[in-house]
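The opening residue of the sequence shown carries number 1 in UniProt numbering; numbering runs sequentially from there.
In this text, a Cβ means the ideal position worked out from N, Cα and C, and glycines have one as well.
None of the values given here were measured: they were computed from a predicted structure.
A quick write-up on the structure given underneath.
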Amino acid sequence: MELRLLVTFEKVATVLSFTRAAAELAYAQSSVTSQIRALESSLGTELFDRLGSRIRLTEAGERLLPYARRIIELSEEARAAVTGAEEPVGNLTVGTMESLTSYRLPPLLELFHHRYPKVRLSLRTTIGDETRQALRQGTYDLGFLMEEETEHAGLEAEVLAVEPLVLVAAPGHPLAGQPVGTADLVRQPLLATEPGCAYRDLFERELTSHAPVDFMEFGTIEATKRAAAAGLGITLLPEVTVAAELAEGTFVRLLWEPPFTLRTQLAWRAGKRLPAHARLFVEQARKLVAEQA
1 MELRLLVTFE KVATVLSFTR AAAELAYAQS SVTSQIRALE SSLGTELFDR LGSRIRLTEA
61 GERLLPYARR IIELSEEARA AVTGAEEPVG NLTVGTMESL TSYRLPPLLE LFHHRYPKVR
121 LSLRTTIGDE TRQALRQGTY DLGFLMEEET EHAGLEAEVL AVEPLVLVAA PGHPLAGQPV
181 GTADLVRQPL LATEPGCAYR DLFERELTSH APVDFMEFGT IEATKRAAAA GLGITLLPEV
241 TVAAELAEGT FVRLLWEPPF TLRTQLAWRA GKRLPAHARL FVEQARKLVA EQA
(Lines of atoms letter the chains of each structure in order from A; the text may use other names.)
(Lines give C-alpha, C1' and ligand atoms only; values in the text may rest on other atoms or scores of the structure.)
Protein backbone atom coordinates (compact mmCIF):
# COMPACT_ATOMS: atom_id res chain seq x y z
CA MET A 1 0.00 0.00 0.00
CA GLU A 2 1.51 3.30 -1.06
CA LEU A 3 1.36 6.13 1.46
CA ARG A 4 0.04 8.48 -1.24
CA LEU A 5 -2.95 6.18 -1.78
CA LEU A 6 -3.64 5.94 1.94
CA VAL A 7 -3.61 9.73 2.26
CA THR A 8 -6.17 10.00 -0.54
CA PHE A 9 -8.27 7.20 0.96
CA GLU A 10 -8.25 8.87 4.39
CA LYS A 11 -9.38 12.18 2.91
CA VAL A 12 -12.22 10.61 0.90
CA ALA A 13 -13.29 8.57 3.93
CA THR A 14 -13.34 11.70 6.08
CA VAL A 15 -15.40 13.94 3.77
CA LEU A 16 -17.28 11.11 1.96
CA SER A 17 -16.98 12.89 -1.35
CA PHE A 18 -14.55 12.37 -4.23
CA THR A 19 -15.15 15.93 -5.43
CA ARG A 20 -14.50 17.55 -2.06
CA ALA A 21 -11.48 15.31 -1.39
CA ALA A 22 -10.00 16.29 -4.76
CA ALA A 23 -10.45 19.99 -3.94
CA GLU A 24 -8.83 19.68 -0.50
CA LEU A 25 -5.93 17.62 -1.85
CA ALA A 26 -5.52 19.85 -4.93
CA TYR A 27 -5.98 16.85 -7.27
CA ALA A 28 -8.18 16.36 -10.30
CA GLN A 29 -11.22 14.30 -9.36
CA SER A 30 -10.19 11.65 -11.90
CA SER A 31 -6.87 11.31 -10.07
CA VAL A 32 -8.63 10.70 -6.75
CA THR A 33 -10.90 8.11 -8.36
CA SER A 34 -7.98 6.27 -9.97
CA GLN A 35 -6.00 6.27 -6.73
CA ILE A 36 -8.90 4.75 -4.80
CA ARG A 37 -9.34 2.11 -7.49
CA ALA A 38 -5.60 1.32 -7.35
CA LEU A 39 -5.79 0.90 -3.57
CA GLU A 40 -8.86 -1.31 -3.85
CA SER A 41 -7.09 -3.39 -6.50
CA SER A 42 -4.00 -3.85 -4.34
CA LEU A 43 -6.14 -4.96 -1.39
CA GLY A 44 -8.50 -7.07 -3.46
CA THR A 45 -11.63 -5.50 -1.98
CA GLU A 46 -13.89 -2.48 -2.38
CA LEU A 47 -13.47 0.27 0.18
CA PHE A 48 -16.48 2.40 -0.77
CA ASP A 49 -20.05 1.67 -1.76
CA ARG A 50 -21.09 3.96 -4.63
CA LEU A 51 -24.72 5.01 -4.10
CA GLY A 52 -25.48 7.28 -7.03
CA SER A 53 -24.05 10.67 -6.10
CA ARG A 54 -23.20 9.50 -2.57
CA ILE A 55 -20.58 7.15 -1.18
CA ARG A 56 -20.07 5.33 2.09
CA LEU A 57 -17.38 3.11 3.54
CA THR A 58 -17.71 -0.63 3.18
CA GLU A 59 -16.90 -2.86 6.15
CA ALA A 60 -13.39 -3.28 4.71
CA GLY A 61 -13.07 0.50 4.42
CA GLU A 62 -14.18 0.96 8.03
CA ARG A 63 -11.51 -1.51 9.16
CA LEU A 64 -8.79 0.12 7.06
CA LEU A 65 -9.46 3.72 8.13
CA PRO A 66 -7.91 3.69 11.64
CA TYR A 67 -4.82 1.92 10.27
CA ALA A 68 -4.50 4.46 7.47
CA ARG A 69 -4.65 7.32 9.98
CA ARG A 70 -2.02 5.72 12.20
CA ILE A 71 0.29 5.13 9.23
CA ILE A 72 -0.10 8.73 8.04
CA GLU A 73 0.57 10.09 11.56
CA LEU A 74 3.66 7.91 11.94
CA SER A 75 4.98 8.91 8.52
CA GLU A 76 4.67 12.60 9.43
CA GLU A 77 6.45 12.01 12.75
CA ALA A 78 9.18 10.02 11.03
CA ARG A 79 9.75 12.70 8.40
CA ALA A 80 10.04 15.39 11.06
CA ALA A 81 12.42 13.26 13.14
CA VAL A 82 14.69 12.37 10.23
CA THR A 83 14.86 15.82 8.66
CA GLY A 84 15.03 17.59 11.98
CA ALA A 85 12.42 19.96 10.64
CA GLU A 86 11.68 22.76 13.07
CA GLU A 87 8.61 23.95 11.19
CA PRO A 88 5.51 21.90 12.10
CA VAL A 89 3.79 20.14 9.24
CA GLY A 90 0.70 17.96 8.82
CA ASN A 91 -3.07 17.85 8.43
CA LEU A 92 -5.38 18.66 11.31
CA THR A 93 -9.15 18.22 11.23
CA VAL A 94 -10.82 20.11 14.07
CA GLY A 95 -14.43 19.95 15.16
CA THR A 96 -15.70 23.31 16.34
CA MET A 97 -18.88 25.33 16.80
CA GLU A 98 -20.21 28.66 15.62
CA SER A 99 -19.66 30.51 18.89
CA LEU A 100 -15.98 29.56 19.00
CA THR A 101 -15.24 29.77 15.28
CA SER A 102 -16.65 33.28 15.01
CA TYR A 103 -15.71 34.79 18.36
CA ARG A 104 -12.71 32.99 19.86
CA LEU A 105 -10.74 31.20 17.16
CA PRO A 106 -9.93 33.89 14.54
CA PRO A 107 -6.64 34.89 16.27
CA LEU A 108 -5.61 31.22 16.49
CA LEU A 109 -6.45 30.57 12.84
CA GLU A 110 -4.56 33.71 11.81
CA LEU A 111 -1.54 32.58 13.83
CA PHE A 112 -1.43 29.19 12.14
CA HIS A 113 -2.02 30.67 8.70
CA HIS A 114 0.92 33.04 8.95
CA ARG A 115 3.36 31.31 11.31
CA TYR A 116 2.70 27.63 10.56
CA PRO A 117 1.62 27.51 6.90
CA LYS A 118 2.53 23.82 6.53
CA VAL A 119 -0.11 22.83 9.10
CA ARG A 120 -3.27 22.35 7.03
CA LEU A 121 -6.29 23.06 9.20
CA SER A 122 -9.75 21.80 8.27
CA LEU A 123 -12.58 23.05 10.49
CA ARG A 124 -15.80 21.05 10.78
CA THR A 125 -18.79 22.74 12.42
CA THR A 126 -20.64 20.27 14.63
CA ILE A 127 -21.84 20.28 18.22
CA GLY A 128 -22.14 17.94 21.16
CA ASP A 129 -22.77 14.32 20.31
CA GLU A 130 -21.67 14.72 16.69
CA THR A 131 -18.28 16.09 17.69
CA ARG A 132 -17.71 13.42 20.32
CA GLN A 133 -18.65 10.63 17.91
CA ALA A 134 -16.37 12.02 15.18
CA LEU A 135 -13.48 12.11 17.65
CA ARG A 136 -14.07 8.52 18.74
CA GLN A 137 -14.21 7.37 15.13
CA GLY A 138 -11.06 9.30 14.22
CA THR A 139 -12.85 11.57 11.74
CA TYR A 140 -11.64 14.55 13.77
CA ASP A 141 -8.16 14.89 15.27
CA LEU A 142 -9.29 17.45 17.83
CA GLY A 143 -12.66 18.85 18.82
CA PHE A 144 -13.88 21.83 20.80
CA LEU A 145 -16.70 21.13 23.24
CA MET A 146 -18.78 23.52 25.30
CA GLU A 147 -20.32 21.24 27.91
CA GLU A 148 -21.35 21.04 31.53
CA GLU A 149 -19.65 17.65 31.91
CA THR A 150 -15.88 17.28 31.59
CA GLU A 151 -15.68 13.47 31.46
CA HIS A 152 -16.49 11.94 28.05
CA ALA A 153 -16.37 8.21 27.35
CA GLY A 154 -13.55 7.27 24.99
CA LEU A 155 -12.09 10.78 24.98
CA GLU A 156 -9.46 12.83 26.75
CA ALA A 157 -10.40 16.45 27.31
CA GLU A 158 -8.67 19.54 28.61
CA VAL A 159 -10.78 22.33 30.11
CA LEU A 160 -9.66 25.62 28.58
CA ALA A 161 -12.00 27.96 30.44
CA VAL A 162 -15.34 28.39 32.13
CA GLU A 163 -17.65 29.89 29.49
CA PRO A 164 -19.84 32.66 31.00
CA LEU A 165 -23.46 32.76 29.79
CA VAL A 166 -25.69 35.83 29.79
CA LEU A 167 -29.41 36.35 29.36
CA VAL A 168 -29.96 39.31 27.04
CA ALA A 169 -32.81 41.33 25.58
CA ALA A 170 -33.38 44.54 23.68
CA PRO A 171 -33.16 47.79 25.69
CA GLY A 172 -36.42 48.70 27.40
CA HIS A 173 -37.41 45.10 28.11
CA PRO A 174 -39.85 44.90 31.10
CA LEU A 175 -37.46 42.64 33.05
CA ALA A 176 -34.42 44.89 32.58
CA GLY A 177 -32.84 46.32 35.74
CA GLN A 178 -34.55 44.06 38.25
CA PRO A 179 -33.75 40.65 39.77
CA VAL A 180 -35.24 37.91 37.60
CA GLY A 181 -36.33 34.45 38.70
CA THR A 182 -36.79 31.41 36.49
CA ALA A 183 -40.55 31.62 37.02
CA ASP A 184 -40.48 35.09 35.45
CA LEU A 185 -38.79 33.79 32.31
CA VAL A 186 -41.32 31.12 31.37
CA ARG A 187 -43.91 33.84 30.74
CA GLN A 188 -41.65 35.67 28.27
CA PRO A 189 -41.10 35.10 24.53
CA LEU A 190 -37.99 32.93 24.32
CA LEU A 191 -35.47 32.76 21.48
CA ALA A 192 -32.92 29.99 21.01
CA THR A 193 -30.44 28.35 18.69
CA GLU A 194 -30.99 24.81 17.41
CA PRO A 195 -31.51 21.86 19.80
CA GLY A 196 -28.32 19.96 20.60
CA CYS A 197 -26.47 23.10 21.66
CA ALA A 198 -25.51 22.52 25.31
CA TYR A 199 -26.49 25.91 26.72
CA ARG A 200 -29.82 25.92 24.88
CA ASP A 201 -30.65 22.40 26.12
CA LEU A 202 -29.68 23.19 29.71
CA PHE A 203 -31.69 26.43 29.60
CA GLU A 204 -34.73 24.56 28.31
CA ARG A 205 -34.36 21.90 31.00
CA GLU A 206 -34.21 24.55 33.71
CA LEU A 207 -37.27 26.39 32.40
CA THR A 208 -39.41 23.28 31.85
CA SER A 209 -38.82 22.30 35.48
CA HIS A 210 -41.12 25.25 36.28
CA ALA A 211 -43.56 25.25 33.37
CA PRO A 212 -43.82 24.14 29.72
CA VAL A 213 -42.01 26.51 27.36
CA ASP A 214 -41.99 27.10 23.63
CA PHE A 215 -38.87 28.50 21.98
CA MET A 216 -38.76 30.44 18.75
CA GLU A 217 -35.81 28.67 17.13
CA PHE A 218 -33.15 30.16 14.86
CA GLY A 219 -30.43 28.26 13.06
CA THR A 220 -27.47 30.42 14.06
CA ILE A 221 -26.30 32.66 16.86
CA GLU A 222 -26.29 35.65 14.52
CA ALA A 223 -29.92 35.10 13.55
CA THR A 224 -30.89 34.67 17.20
CA LYS A 225 -29.10 37.92 18.09
CA ARG A 226 -30.87 39.84 15.34
CA ALA A 227 -34.25 38.60 16.56
CA ALA A 228 -33.44 39.59 20.14
CA ALA A 229 -32.22 43.03 19.06
CA ALA A 230 -35.49 43.50 17.18
CA GLY A 231 -37.40 42.94 20.42
CA LEU A 232 -38.81 39.50 19.59
CA GLY A 233 -37.79 38.00 22.91
CA ILE A 234 -34.97 37.09 25.30
CA THR A 235 -32.15 34.63 24.72
CA LEU A 236 -29.32 32.94 26.63
CA LEU A 237 -25.96 33.03 24.83
CA PRO A 238 -22.25 32.78 25.63
CA GLU A 239 -21.06 36.18 26.84
CA VAL A 240 -18.28 36.27 24.25
CA THR A 241 -20.88 36.27 21.45
CA VAL A 242 -22.72 39.36 22.75
CA ALA A 243 -19.91 41.34 24.41
CA ALA A 244 -19.82 43.93 21.62
CA GLU A 245 -23.60 44.42 21.63
CA LEU A 246 -23.66 44.81 25.42
CA ALA A 247 -20.90 47.43 25.21
CA GLU A 248 -22.72 49.29 22.43
CA GLY A 249 -26.09 49.18 24.21
CA THR A 250 -27.77 47.03 21.54
CA PHE A 251 -28.55 44.52 24.31
CA VAL A 252 -29.15 44.74 28.04
CA ARG A 253 -28.13 42.00 30.43
CA LEU A 254 -31.02 40.59 32.45
CA LEU A 255 -30.26 39.87 36.12
CA TRP A 256 -30.61 36.08 36.04
CA GLU A 257 -27.77 33.70 36.86
CA PRO A 258 -27.82 30.30 35.12
CA PRO A 259 -27.84 27.44 37.67
CA PHE A 260 -25.38 25.50 35.50
CA THR A 261 -21.82 26.05 34.33
CA LEU A 262 -20.40 25.39 30.86
CA ARG A 263 -16.72 24.81 30.18
CA THR A 264 -14.97 25.21 26.85
CA GLN A 265 -12.86 22.11 26.31
CA LEU A 266 -10.52 20.67 23.71
CA ALA A 267 -10.82 16.90 23.28
CA TRP A 268 -9.25 14.02 21.34
CA ARG A 269 -9.62 10.26 21.20
CA ALA A 270 -8.45 8.49 24.36
CA GLY A 271 -5.12 6.77 23.85
CA LYS A 272 -4.36 8.76 20.69
CA ARG A 273 -0.78 9.94 20.49
CA LEU A 274 -1.06 13.49 19.28
CA PRO A 275 1.52 14.39 16.62
CA ALA A 276 3.69 17.46 17.12
CA HIS A 277 1.51 19.83 15.08
CA ALA A 278 -1.62 18.74 17.02
CA ARG A 279 0.17 19.28 20.33
CA LEU A 280 1.16 22.73 19.08
CA PHE A 281 -2.49 23.52 18.29
CA VAL A 282 -3.55 22.43 21.80
CA GLU A 283 -0.81 24.57 23.34
CA GLN A 284 -1.74 27.65 21.33
CA ALA A 285 -5.48 27.18 21.96
CA ARG A 286 -4.79 26.90 25.68
CA LYS A 287 -2.76 30.11 25.60
CA LEU A 288 -5.28 32.03 23.48
CA VAL A 289 -8.30 31.17 25.63
CA ALA A 290 -6.38 32.03 28.81
CA GLU A 291 -5.59 35.46 27.35
CA GLN A 292 -9.23 36.00 26.40
CA ALA A 293 -10.60 34.99 29.80
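Beta-bridge annotation (DSSP): Asp-49 is paired with Arg-56. When the five nearest sequence neighbours on each side are left out, the beta carbons in the same chain lying within less than 7 Å of the beta carbon of Glu-163 are those of Met-146, Pro-238, Leu-262, Arg-263 and Thr-264, in order along the chain. In terms of Cβ geometry, Phe-251 and Val-168 form a close pair [threshold 8 Å].
Pairing Ala-161 with Leu-43, the inter-Cα distance amounts to about 46 Å.
In this structure, the beta-carbon distance from Leu-191 to Ile-234 falls below 8 Å. Pro-275 counts as buried, since at least 16 other C-beta atoms from the protein chains shown sit within 10 angstroms of its C-beta. Inter-residue distance for Ala-278 and Leu-3 is about 20 Å (C-alpha atoms, whole angstroms). With fewer than 16 other Cβ atoms from the protein chains shown falling within 10 Å of its own Cβ, Met-216 counts as exposed. If you check the CB distance, Leu-142 and Trp-256 do not come in under 8 Å. The three-state secondary structure of Gln-178, taken from DSSP, is coil. The stretch 180-211 is shown to contain whole beta strand (DSSP E) runs of 3 or more residues at 190-192, in chain order. Here Arg-115 carries a helix assignment [DSSP, helix/strand/coil].
Classified as buried, Thr-8 has 16 or more neighbouring CB atoms from the shown chains inside 10 Å of its CB. Here Leu-155 really is in contact with Arg-132; their C-beta atoms are around 6 Å apart, less than 8 Å.
Contact check for Leu-51 and Ala-60: beta-carbon distance about 16 Å, past the 8 Å limit, so the pair fails to qualify. Boundaries for Phe-260: no alpha helix (DSSP H) harbours it, and the DSSP string shows neither H nor E there. Boundaries of the beta strand (DSSP E) around Thr-96: 90-96.
Judged by their CB atoms, Tyr-199 and Leu-236 are nearer to each other than the 8 Å cut-off. Linking Gly-177 to Glu-148 through their CA atoms gives a straight-line distance of about 28 Å.
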